[in-house]
Amino acid sequence: MATTTPAGVRAHAKNGGGSSDAPMTHRQIMEALSGLLLGMFVAILSSTIVSNALPRIIGDLGGGQSAYTWVVTAALLSMTATTPLWGKLADLYSKKALVQIALVIYVLGSVVAGMSQNPGMLIACRVVQGIGTGGLSALAQIVMAAMISPRERGKYSGYIGATFAVATVGGPLLGGVITDTSWLGWRWCFYVGVPFAIIALIVLQKTLKLPVVKREVKVDWGGAFFIAAAVSLLLVWVTFAGDKYDWISWQTYAMVGGAIVLGLIFVLIESKASEPIIPLRLFRNRTITLSSLASLFVGVAMFSGTTFFSQYFQLARDKSPTMSGVLTIPMIGGLFVSSTLSGQFITRTGKWKAWLVSGGVLVTAGLGLLGTIRYDTDYWKMAIFMALLGLGIGMMMQNLVLATQNQVAPSDIGSASSTVTFFRSLGGAIGVSALGAVMATRITDYVKDGLADLGPKYAGAASGSTGSIPDMDALPAPLRTVMESAYGHGIADVFLIAAGVALLAFLITLFIKEVPLKTKGSLAQAAGDESPAQAPAAAVAPAGSPAEENVPSWAAASATTETGPEGTQRLAAVATVAVGESAGGGTPVRGFVRGAESAPVPRAAVTLISLAGRQLGRSVAQADGSYGVDAPGAGSYVLIASADGYQPQASTIVVNDEPVAYDILLSGTSGLTGVVRGAETSLPVKDAMVIVTDVRGDLLATAATGEQGEFSFAELVPGTVTLAVNAVGYRPRALPVEVGGTGVTRIEVDLDSGSQLQGVVRAPHGPLADARVTLVDAAGNVVGTATTGMDGAYAFTDLNGGEYTVIATGYPPVATALTVAGPGVDGHDIELAHPGE
3 MATTTPAGVR AHAKNGGGSS DAPMTHRQIM EALSGLLLGM FVAILSSTIV
53 SNALPRIIGD LGGGQSAYTW VVTAALLSMT ATTPLWGKLA DLYSKKALVQ
103 IALVIYVLGS VVAGMSQNPG MLIACRVVQG IGTGGLSALA QIVMAAMISP
153 RERGKYSGYI GATFAVATVG GPLLGGVITD TSWLGWRWCF YVGVPFAIIA
203 LIVLQKTLKL PVVKREVKVD WGGAFFIAAA VSLLLVWVTF AGDKYDWISW
253 QTYAMVGGAI VLGLIFVLIE SKASEPIIPL RLFRNRTITL SSLASLFVGV
303 AMFSGTTFFS QYFQLARDKS PTMSGVLTIP MIGGLFVSST LSGQFITRTG
353 KWKAWLVSGG VLVTAGLGLL GTIRYDTDYW KMAIFMALLG LGIGMMMQNL
403 VLATQNQVAP SDIGSASSTV TFFRSLGGAI GVSALGAVMA TRITDYVKDG
453 LADLGPKYAG AASGSTGSIP DMDALPAPLR TVMESAYGHG IADVFLIAAG
503 VALLAFLITL FIKEVPLKTK GSLAQAAGDE SPAQAPAAAV APAGSPAEEN
553 VPSWAAASAT TETGPEGTQR LAAVATVAVG ESAGGGTPVR GFVRGAESAP
603 VPRAAVTLIS LAGRQLGRSV AQADGSYGVD APGAGSYVLI ASADGYQPQA
653 STIVVNDEPV AYDILLSGTS GLTGVVRGAE TSLPVKDAMV IVTDVRGDLL
703 ATAATGEQGE FSFAELVPGT VTLAVNAVGY RPRALPVEVG GTGVTRIEVD
753 LDSGSQLQGV VRAPHGPLAD ARVTLVDAAG NVVGTATTGM DGAYAFTDLN
803 GGEYTVIATG YPPVATALTV AGPGVDGHDI ELAHPGE
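Following this line, the structure appears as structure tokens:
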């Protein structure tokens, strides 16, 4: 789809001059990440700090197991539903502002959550917290991708993993201490993060400096609504199925059917939206599709495997909230070590798949072993099982995002990153909700079995023992043992089911293809893509024109590329006429730079030079097109104006003792730039031949694509042209493009892979040279002919899939039928011989 980018609209750095291609130093990156990591720390801390306090919180607020599950699920649900929206907003608006907004939302939700009077109010506040968490979790990956190349990103992903680990360790410990401290109480678990959040906002304001993309935007609110509605309906069904109604019931049919319908509406909206929340074309790439599926199952395993630890230690092993946090240190320690070390090794080697696959093995093994625990299992065994789980999560969580970011264009980094994060959160929400319902059912069954074994004395306790979070200290010893055993066994069943889901994630990672990591961040890639389009061609005066006759030698030599104050590049080409004497003193020169229909041209560069070629003054036009430079004194000077998407202009001005008012009119040029990608892989296609012809078929321009599949043409005639693209291994494609009257038209071209057929023609003595091979399609049309070389080889490329007949001559002809599909047929050898040989 072709889109027109107005002249001068570009992403530019706010933090000083210099080319945006220049890589950031380690110190600059760490300064920029400091506030972001602190914001993540606040969000994770505020989330984990309540994990060990939840049994007491739900008990004080009068909730049951369903409320316990929904307090966790509500935050995951809102995080899941809003993550793609945050990612899309990051592609359109200031990432820094979005990070700060997400942090403010999270803090407000936390403060109000501390005032909750009932489970419903707490769940509503958790929804608000989840919206902020969705922003912080998605934007952290997006900001990193903007600044850091995939090759280097592994090391910095380790810092995120370390922040995650420290906050996850410190949160439960701090939450346990606060909950166990009588003069504080559990409500302070929500308030304690506020000072950290204020510090994070200040640090973010001072340290996080990113380019701001200024362009026409349209947020896909319809897509955001329908995906949130589909996910919400699905989770409501999972939560209450088996409790409020049977798994097979009319409620199930209604809710699942409704979720499917909402999901289909979402897909329909995304296929037509100009700025979709989740671009469906991303899923043409196998890596993105598999990474999203793997993230879905990793989310189920990760969130489900960790959410129920606090219940296990407090209800099955009678530990305090503080000790519950201490006892989970092996898992967090494993996550800390594996995320940090794997990031360092990935940066050094550029290899990431081995870590991803190993993580899948460890997560599956850890959860499988945790599925064997009971309420009285030796802790040292549990410590090993939790450490294995933590090691596996640390290897998988960041590397799935890394594999995805390495496969997409800079403009899609936000959407792709948030898509993988979305599926991970979706898996977590579904997992916690579904497995929470399964756990409640299993615990009820185990309690009934245990009470039956105790005899009729405790039989009446079965009906009321599992409807709410029990107070173990208030139960008699025999009943308490039954409850502890039931919780231990029921939670182990959850871990065992999660292990099966983790196994699916592991199997999917085996099919993810390892692609070498890029060595540029998305900002540098984007700058590299745009720079050809940003440099307007030099103005060339017609031969014999007055401008050519009066161009001094210094002016002809001064057509050079100049780096502007914001990192943008402009090509200043000048022409002038004879001028008078040199000046001395100072006289203001003021005016406006205007384009077509007298529209102002903001950010146009206006330079005043002397006859000797020395720069005397420089100005950048304001939003209304106004500029101002000072001439040294009376005399004649050359005034040069240039702007992206416009033809540079040079004029002679005569300055006397009075201020000079001089308006500059720039004429627009039309440009065409774009990227060629493979339709199946979304990877750039290098060395593709791009040809532009007019409506009469006359050739206007040709170019070969660069390393990132980019191409660029300047000074095209406005109107409809035909763009044809051809590349080895792909089917040619031609499409009409409307080139705007001004500015640069940008287009993306997807090439379908062409099937090929190749083989060898053989005779009794070996490969047969000069054999004639003819390919005929199912309709009897000759598709092509080939003559074999000395090795007897033949080949046909750029074929459509379907049925073909291959006819070989040289000896008595031989005809064979075959089917061409996918990449084609390799090794279709043909045997020729005379009768009787």
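Quick note: the sequence shown uses the working numbering, first residue 3, plus one each step. Each residue gets a CB set at the ideal place from its N, CA and C atoms; glycine is no exception.
query, result
"Using beta-carbon positions only, say whether residue 324 and residue 175 come within less than 8 Å of one another.", "yes"
"Mark residue 185 as exposed unless 16 or more other C-beta atoms lie within 10 angstroms of its C-beta, in which case mark it buried.", "exposed"
"Write down the C-beta distance between residue 452 and residue 487 rounded to the nearest angstrom, noting that I regard them as a contact closer than 8 Å.", "6 Å"
"Quick one: what's got a C-beta closer than 7 Å to residue 542's C-beta in the same chain, skipping five residues either side?", "Reliability of the predicted coordinates at residue 542 is poor, the pLDDT of 34 falling under 50, and the value obtained from them is presented with this limitation in mind. Around residue 542: no qualifying Cβ."
"Is the distance from the Cβ of residue 657 to the Cβ of residue 639 below 8 Å?", "yes"
"Kindly indicate the opening and closing residues of the alpha helix (DSSP H) around residue 620.", "Premise fails: residue 620 lies in the beta strand (DSSP E), 617 to 622, not in any alpha helix (DSSP H)."
"In its own chain, which residues sit with a C-beta less than 6 Å from the C-beta of residue 222, not counting the 5 before and 5 after it?", "275, 277, 278, 279"
"What is the DSSP secondary structure of residue 495, reduced to helix, strand or coil?", "helix"
"Just verifying my parser: in three-state terms, what is the DSSP assignment at residue 748?", "strand"
"Would you kindly work out how many angstroms separate the C-alpha atoms of residue 826 and residue 263, rounded to a whole number?", "37 Å"
"Whole beta strand (DSSP E) runs in the stretch 655 to 723 with 3 or more residues, listed along the chain?", "672 to 680, 691 to 695, 701 to 706, 712 to 715"
"Does the beta-carbon distance from residue 195 to residue 101 come in below 8 Å?", "no"
"With 16 as the cutoff for other CB atoms within 10 Å, does residue 646 come out buried or exposed?", "buried"
"Assign residue 772 to one of three DSSP states: helix, strand, or coil.", "coil"
"Name the residue from 624, 684, 602 whose alpha carbon lies nearest to the alpha carbon of residue 843.", "Lying outside 3 to 839, the shown extent of the chain, residue 843 is not represented and no answer is given."
"Quick check: the Cα distance between residue 747 and residue 721, rounded to an integer number of angstroms?", "11 Å"
"Should residue 358 and residue 150 be called a contact, given that it needs their Cβ atoms to be closer than 8 Å?", "no"
"For residue 445, which option in 36, 313, 761, 704 has the closest C-alpha, if you only look at C-alpha atoms?", "313"
"Quick test of your reading: residue 375 and residue 494, contact by CB under 8 Å. State the CB separation rounded to the nearest angstrom.", "5 Å"
"Quick check on DSSP: helix, strand or coil for residue 628?", "strand"
"Check the DSSP bridge columns for residue 757 and list the partner residues they point to.", "801"
"Just the Cα atoms here: how many angstroms apart are residue 557 and residue 615?", "Because the pLDDT of residue 557 is 35, which lies under 50, any placement of that residue in the model is unreliable, and the number read from its coordinates should be weighed accordingly. The straight-line gap from Cα to Cα measures roughly 7 Å."
"Starting from the Cα of residue 137, find the closest Cα among 125, 96, 771 and give me that residue.", "96"
"Taking the beta strand (DSSP E) that residue 738 belongs to, which residues open and close that run?", "735 to 741"
"Report the CB separation of residue 777 from residue 808 in whole angstroms; it is logged as a contact under 8 Å.", "6 Å"
"Which first and last residues belong to the alpha helix (DSSP H) in which residue 590 is found?", "Looking at the DSSP string, residue 590 is not in any alpha helix (DSSP H); the run it does join, the beta strand (DSSP E), is 589 to 596."
"Give the DSSP bridge partners of residue 644, in chain order.", "607"
"Does DSSP put residue 779 in a helix, a strand or coil?", "strand"
"Considering only the alpha carbon of each residue, which of 33, 779, 392 lies closest to residue 210?", "33"
"Rounding to the nearest angstrom, what Cα-Cα distance links residue 391 and residue 304 in this structure?", "8 Å"
"Taking the alpha helix (DSSP H) that residue 392 belongs to, which residues open and close that run?", "381 to 407"
"If we ignore side chains and look at the alpha-carbon of each, how far apart do residue 425 and residue 298 end up?", "5 Å"
"Roughly how many angstroms lie between the CA atoms of residue 59 and residue 188, to the nearest whole one?", "7 Å"
"DSSP three-state call for residue 356: helix, strand or coil?", "helix"
"So residue 727 and residue 678 are supposed to be a Cβ contact under 8 Å. How far apart are they, rounded?", "6 Å"
"Do residue 732 and residue 708 have their C-beta atoms closer together than 8 Å?", "no"
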